[in-house]
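Q: What follows is a single structure, and I will ask about it in a moment.
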Amino acid sequence: MYGMVCSRPDLGYAVSVISRFIANPGKAHWEALKWTLRYLKGSTDYGLMFQKQNRSVEPVMGFVDSDYAGNIDTRKTLTGYVFTLFGTAVSWKSNLQPLVALCTTEAEYISITEAIKEALWLKGIIGELGIHQSDVAVHCDNQSTIHLLNIYCFMRGLNTWI
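Note that the working numbering has the sequence shown beginning at 1165, numbered continuously upward.
See below:
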């Protein structure tokens, strides 16, 4: 599992779903496992590659999204984000939110809050590496959440790009 998390983020969701049924797998679970192994065999040449980039590009960028009440068992929302450093993924996460959101705006707000925490941490890390960036852009596709956050940032005087 550790090797998959560190080197193959594309397998994370499939492995997490399959592992839920490890104690009592059925035929459908074995089929899903075989599909995942076939995908793994066919994608052995895939990987993360760092290349020299134009310095006019923002060093760190983030992308966040969620699916409102996507888990049919608990009605919890799946949160996912990825951060890139000069175009290559360096940090990612996908997990169920700890609470049940009551609307899409709340679900996206919780997601972007987690992503902004990660953005602040990454900004500090790249600063230690000598790469200075004033703001980290975190991209979100939910207009009501963007509007809500822009009002909050304006009222608080926060220098944040969403």
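Glycine residues also receive a C-beta, built at the ideal position from the N, C-alpha and C atoms. Treat the numbers as computed from the prediction; the structure is a model and nothing was measured.
1) Do VAL1264 and ALA1253 count as a contact pair if the criterion is CB distance below 8 Å?
2) In three-state DSSP terms, what is ASP1174?
3) Would GLN1297 and ILE1290 be called neighbours here (beta carbons separated by less than 8 Å)?
4) Please state whether DSSP places ALA1301 in a helix, a strand or coil.
5) If I measure Cβ to Cβ from ASN1306 and keep anything under 7 Å in the same chain, skipping five residues before and after, which residues do I get?
6) Going along the chain, which residues of its own chain have a beta-carbon closer than 6 Å to the beta-carbon of SER1331, five neighbours each way excluded?
7) For a test of the three-state rule: what should DSSP assign to GLY1234, helix, strand or coil?
8) Evaluate VAL1300 with the Cβ neighbour count: other Cβ atoms within 10 Å of its Cβ, from every protein chain shown; 16 or more gives buried, anything less gives exposed.
9) If we ignore side chains and look at the alpha-carbon of each, how far apart do THR1309 and PRO1173 end up?
10) Helix, strand or coil: which one does DSSP assign to TYR1203?
11) Could you check whether ALA1283 and GLY1226 sit closer than 8 Å to each other, using their CB atoms as the reference points?
12) Rank VAL1302, TYR1210, LEU1293 and LEU1266 by C-alpha distance to the C-alpha of THR1277 and give the top, closest one.
A: Let me lay it out:
1) Contact: no.
2) Residue state, collapsed to three classes: helix.
3) yes
4) strand
5) Around ASN1306: THR1268, THR1269 and GLU1272.
6) Outside the modelled stretch of the chain, which goes from 1165 to 1326, sits residue 1331, for which no answer is possible.
7) In the three-state DSSP reduction, GLY1234 falls in the coil class, being neither helix nor strand.
8) By the 10 Å Cβ count, VAL1300 comes out buried.
9) Taking the straight line from one Cα to the other gives about 27 Å.
10) helix
11) yes
12) VAL1302
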